[in-house]
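Novice: Input: one structure, supplied below.
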DNA sequence: CATCTTCCTGAAAGCGCTTTCTCACAACCC
DNA sequence: GGGTTGTGAGAAAGCGCTTTCAGGAAGATG
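Here it is in C-alpha cells:
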C-alpha cells in the first residue's frame with residue numbers, strides 16, 4: 003500500500019527514529035513514554051534522533067494503540083455568550099492537568115445538529131462534556147446509553163445515567179423573586195430564553211413557585227442575546243409589570259437599552275434583573291442586579307467528574323451549585339400608583 | 003493482546019457489523035463510505051446492523067488508515083474576546099462544508115504555551131490555523147518549516163512559508179488618524195495592546211506614520227481587556243491628548259468608563275476611538291467611533307486557504323482585508339484652549 | 001457452449017504506535 | 001560450575017479501519 007498522504011512529504015515514523023538511533027521501535031516508544039527502564043546511553047541516542055529528525059508521534063496511531071485519544075470534547079451552544087468561555091477556561095485547566103487536550107465544538111444554538119456533533123465528539127474523544135444541551139430528553143437518553151463517558155453541565159435530567167453539574171437556576175431565580183417581593187413588587191414580567199433550554203424552564207419553574215410570595219408573572223418570549231432583549235422589551239410596558247426578570251444579563255441589558263429609548267426609567271419606573279452575572283467590567287451601560295453563576299466552579303467540577311468517570315468509571319449524584327444575588331443599580335422599589343404623576 | 007480499554011465494555015467494531023450483516027468488514031466500509039458499488043440488499047443489511055449495534059467508526063483508526071484526521075485545529079489567544087468567536091463561526095462553517103471538524107484551543111494570552119499547543123494540534127489535525135499568534139518570529143519559522151499545512155490569521159510575517167490573511171490594521175489605524183486629524187486633533191494618546199502582539203505593532207506603525215498628518219502621539223502601555231483600559235486610562239489626562247486611540251473596543255470602553263469617573267467628558271473633552279467594532283448591541287455604555295474588522299471574512303478566507311493548502315498543497319500571497327471607519331458618538335472636534343473654561 | 005469481460009465481494013496488507021512475548025545475556029546462589 | 005533468577009532489548013501481534021488484490025459468479029461474445 004502506498005503512502006496515502008498524497009503530496010505531503012513522507013512523515014517521520016517511530017521506526018525511522020529507531021533506525022537512526024540504532025535501536026528498535028519498541029525501545030524508542032519506551033524511551034519516549036518512560037514505560038520501562040532503558041539503558042541511559044540508548045535513551046540519549048534516541049533523544050538525539052528525535053530532535054534531529056523532528057519526530058512527532060502520530061496521535062491517531064497512539065490513540066488506536068492505547069485505546070484512548072487523550073482528548074475530551076466539549077459542546078457549547080454559543081461561544082459568543084461570555085458564559086461559556088469562562089466555563090471552558092476552567093475545563094481546559096483541569097484537562098491539561100490530566101494531560102488531555104480539549105476539543106471545543108459549537109452548535110450555534112441549533113439543537114438539530116447537536117446530536118451529530120456529540121456523536122462526532124464521541125468518536126474522537128475519551129469523554130464528552132455537554133454544556134447546556136438543548137436537545138430533547140429522548141435524544142439525551144440515547145446518547146447517554148452509548149456507554150461513553152459523558153457529563154452534563156447546566157442540565158439535569160432525572161433518571162439519566164450521566165453525572166451532571168448545574169448552577170442552581172431555580173434557586174437563583176427564587177433569590178431574585180425574593181428580592182423583588184421584598185422591594186414591594188407584585189407584577190413581574192419575564193423575558194424567556196430559548197424554548198428548548200432547560201435552564202430557561204428552571205427559571206420559569208421558580209417564577210411559578212414565586213406566586214407564593216404574592217408575585218404574578220407574565221412570560222414574554224425572547225431569546226438569549228442582547229438584541230433579543232432589546233426587541234422583546236417593547237412588550238413589557240403593556241404588561242403592567244413593575245419589574246422585569248430575564249433569561250440572562252445580555253437580554254437584560256438589551257431590555258434596559260430599549261426602556262431608555264421608550265422613556266421608561268430604570269430602575270425608578272421599572273426594575274430590571276439579569277441572570278448569570280457575566281463579566282462586563284466598565285463595558286455595560288448599566289450595573290445590573292443579577293445572580294451569579296459559579297462558572298469556573300461549574301467547569302472545574304464537570305471536568306473532574308468526567309475525569310473520574312473516564313478513569314474509575316463510576317459516577318455520582320447530580321450536583322447543584324448555588325447562585326448568589328448581587329443587588330446593584332437596576333432594581334428599586336416600585337413607584338406607588340399615587341406617585342405616577344411625579 | 004487484550005482489550006486495552008480497561009473497564010469499558012467492548013466497543014462495536016466494523017467486523018462486528020460485518021458479522022451481524024453476514025458480510026465482510028470491507029463491504030461494511032464500502033457501504034459506509036460509498037467508495038464502491040455494493041449490492042443494495044447487502045447495503046441494507048449493513049445499515050440495519052449499524053443501527054442495531056449502534057456502531058460508530060473509530061476516528062483514530064480511520065485517521066490512521068486514511069492518513070488524515072478530518073479535523074482542523076484553531077489556536078486563539080482568548081475566547082473571552084468576542085473577536086474570536088466571530089472568526090471561529092466562519093471557520094467552522096467552511097470546515098463543515100468540507101466535512102471536517104474544528105478543534106479549538108486557547109492560549110489564554112500566554113505566548114509560552116503557544117508552541118506546545120501548536121505541536122499538539124499538528125499531531126492531531128490535518129491543518130492548523132493560528133489566530134493572532136503572539137509567539138516570536140523565530141518560533142513561527144520553526145513551526146512553518148514543519149511542513150504541515152498551516153495558515154496565519156491576523157499576523158503577517160514576511161518571508162514565511164505559510165499563507166496568511168489579516169485585517170489591514172495599519173490601514174485601519176490610518177483611517178482613525180485621518181478622522182482625528184480632520185476633526186482638528188493634534189495630540190493623541192494610544193493605549194497599547196499586548197507587547198507581543200503583531201496587530202498592536204501594526205497599529206503603532208500607523209500612529210508613527212500619522213505624524214505626517216501633524217499628529218503627535220503618546221503611547222501608554224495597557225493590554226487587551228476593558229479592565230486594562232479602565233486602569234491605564236488614568237494616565238491619559240496627564241498627556242495633554244485631546245484624543246485617545248486604543249488597541250480595541252474593549253479597552254476603549256474601559257477607558258471611557260474611567261474618564262467619566264474622572265469627570266472628563268467624552269467626546270467633548272476627550273475623543274475616544276475603539277478598534278475592531280465588536281458587536282455589543284445595546285450592551286455598551288457608549289457608541290464608539292471605531293474601525294471594523296471583517297471577522298467573518300477573515301475566518302472564511304483563512305479556512306479556505308487552509309483547505310486549499312491541504313488538498314492542493316500550494317499557497318498564495320498574504321492577503322490584507324480592508325477595515326472600515328465607523329464614526330459614532332465618541333469622537334468630536336477638540337475644544338479650543340479658549341473654550342476650556344466653558 | 002466455451003471463453004472473455006465485467007462486476008462484486010472477501011481476504012489480506014498496512015497505517016504508526018504500544019505492549020506483550022521471547023530470548024540473550026549477566027548476575028546470583030548453593 | 002550448573003542451575004536459577006533477573007534484566008533489558010528486539011520481534012511480533014494487534015488496535016480498527018481502508019484499500020489493494022485476487023477470485024468467483026454473472027453476463028456478453030463468437
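Protein chains in written order, with the working numbering: chain A, 3 to 344; chain B, 3 to 344. For every residue, glycine included, the Cβ atom is placed at its ideal position computed from N, Cα and C. Keep in mind it's a predicted model, so treat the numbers as computed, not measured.
(1) Is the separation between the beta-carbon of residue 133/B and that of residue 74/B shorter than 8 Å?
(2) When the Cα of residue 266/B is compared with those of 59/B, 246/B and 317/B, which residue comes out closest?
(3) Express the C-alpha separation of residue 121/A and residue 77/B in angstroms, rounding to a whole number.
(4) Where does residue 94/B land, buried or exposed, given buried means 16+ other C-beta within 10 angstroms?
(5) Using CA coordinates, which residue listed in 306/B, 219/B and 263/B is at the minimum distance from residue 153/B?
(6) Less than 6 Å between C-beta atoms, sequence neighbours within five positions excluded: which residues of the same chain meet that for residue 288/B?
(7) Just to confirm the assignment, what range does the beta strand (DSSP E) spanning residue 223/B have?
(8) Please go through the same chain and pick out, in chain order, the residues whose beta-carbon is closer than 8 Å to the beta-carbon of residue 343/B, but skip the five residues on each side of it.
(9) Which full runs of the beta strand (DSSP E) of 3+ residues lie inside the stretch 77 to 138 of chain A, going along the chain?
(10) Please decide whether residue 9/B counts as near chain A, where near means a Cβ-Cβ distance under 8 Å.
(11) Taking the Cβ atom as the reference point for each residue, do residue 90/B and residue 107/B lie within a distance shorter than 8 Å?
(12) Apart from the five residues on each side of it in sequence, which residues of its chain come closer than 8 Å, Cβ to Cβ, to residue 105/B?
(13) What do you reckon, are the CB atoms on residue 82/A and residue 286/B nearer than 8 Å?
(14) Please name the residue in 314/B, 253/B and 241/B whose C-alpha comes closest to that of residue 84/B.
(15) List the DSSP bridge partners of residue 278/B.
(16) Have a look at the DSSP bridge pairing and note the partners of residue 273/B.
(17) Please compile the residues from chain A whose C-beta is within a distance smaller than 8 Å of the C-beta of residue 1/B.
(18) Quick one: which chain A residues come within Cβ less than 9 Å of residue 108/B?
(19) Residue 150/B bridges to which residues according to DSSP?
(20) Distance, Cα to Cα, residue 363/B vs residue 157/B?
(21) Name the one or two DSSP bridge partners that residue 194/B has.
(22) At a CB-CB cut-off below 8 Å, which residues of chain A make contact with residue 232/B?
(23) Following the continuous alpha helix (DSSP H) through residue 232/A, name the residue where it begins and the one where it ends.
(24) Using C-beta distances below 8 Å, list every residue in its chain close to residue 38/B, excluding the 5 sequence neighbours before and after it, in chain order.
(25) Can you find the residues in the same chain that come closer than 8 Å, C-beta to C-beta, to residue 330/B, ignoring five residues on each side of it along the sequence?
(26) Here's a check: name, in chain order, each residue in its chain whose Cβ is nearer than 7 Å to the Cβ of residue 216/B, leaving out the five neighbours to either side.
(27) Residue 195/A: which of 43/A, 103/A and 226/A sits nearest, CA to CA?
(28) If you follow the alpha helix (DSSP H) that residue 31/A is in, where does it begin and where does it stop?
(29) Does the beta carbon of residue 55/A come closer than 8 Å to any beta carbon on chain B?
(30) Nearest chain A C-beta to residue 34/B closer than 8 Å, yes or no?
(31) Name the residue from 199/A, 229/A and 190/A whose alpha carbon lies nearest to the alpha carbon of residue 210/A.
(32) Between 18/A, 43/A and 92/A, which lies nearest to residue 56/A when the distance is taken from Cα to Cα?
(33) Please return the same chain residues whose Cβ sits closer than 7 Å to the Cβ of residue 51/B, not counting the five positions on each side in sequence.
(34) Excluding sequence positions up to five away, which residues of its chain have a Cβ less than 6 Å from the Cβ of residue 238/A?
(35) Using the three-state DSSP reduction, which class does residue 319/A fall into: helix, strand or coil?
(36) Taking C-beta to C-beta, are residue 312/A and residue 151/A nearer than 8 Å?
Specialist: Taking the geometry as given:
(1) no
(2) Residue 266/B has its Cα closest to that of 246/B, out of 59/B, 246/B and 317/B.
(3) 23 Å
(4) By the neighbour-count definition (other C-beta atoms within 10 Å, threshold 16), residue 94/B is a buried residue.
(5) Cα-wise, what sits closest to residue 153/B is 306/B.
(6) 258 and 332
(7) 218 to 223
(8) Note that residue 343/B has pLDDT 45, beneath the 50 cutoff, so the model's placement of it is unreliable and the number below is only indicative. The answer is none, since no qualifying residue turns up.
(9) 103 to 108 and 129 to 133
(10) Summary for residue 9/B: the model assigns pLDDT 35, below 50, so the residue's position carries little reliability; its value from the coordinates is reported in the next sentence. Answer yes: the Cβ-Cβ gap between residue 9/B and chain A drops below 8 Å somewhere.
(11) no
(12) Correct list, in chain order: 73, 74, 75, 76, 123, 126 and 127.
(13) no
(14) 253/B
(15) Per DSSP, 294/B.
(16) For residue 273/B, DSSP records a beta bridge to 245/B.
(17) In the structure as shown, chain B starts at 3 and stops at 344, and residue 1/B therefore has no counterpart that could be examined.
(18) 87, 90, 91, 94, 104 and 106
(19) DSSP lists no partner for residue 150/B.
(20) Residue numbering for chain B in the displayed model covers 3 to 344; residue 363/B lies beyond these limits and cannot be assessed.
(21) Residue pairing for residue 194/B: DSSP places it in a beta bridge opposite 223/B.
(22) 283 and 284
(23) 228 to 234
(24) 32
(25) 289, 290, 291 and 292
(26) 183 and 188
(27) 226/A
(28) 27 to 35
(29) Answer no: the Cβ-Cβ gap between residue 55/A and chain B never drops below 8 Å.
(30) no
(31) 190/A
(32) Nearest Cα to residue 56/A within the set 18/A, 43/A and 92/A: 18/A.
(33) Answer for residue 51/B: 19, 22 and 23, listed in chain order.
(34) 191 and 246
(35) Residue state for residue 319/A is assigned as coil, using DSSP reduced to three classes.
(36) In this structure, residue 312/A lies near residue 151/A, with their beta-carbon atoms less than 8 Å apart.
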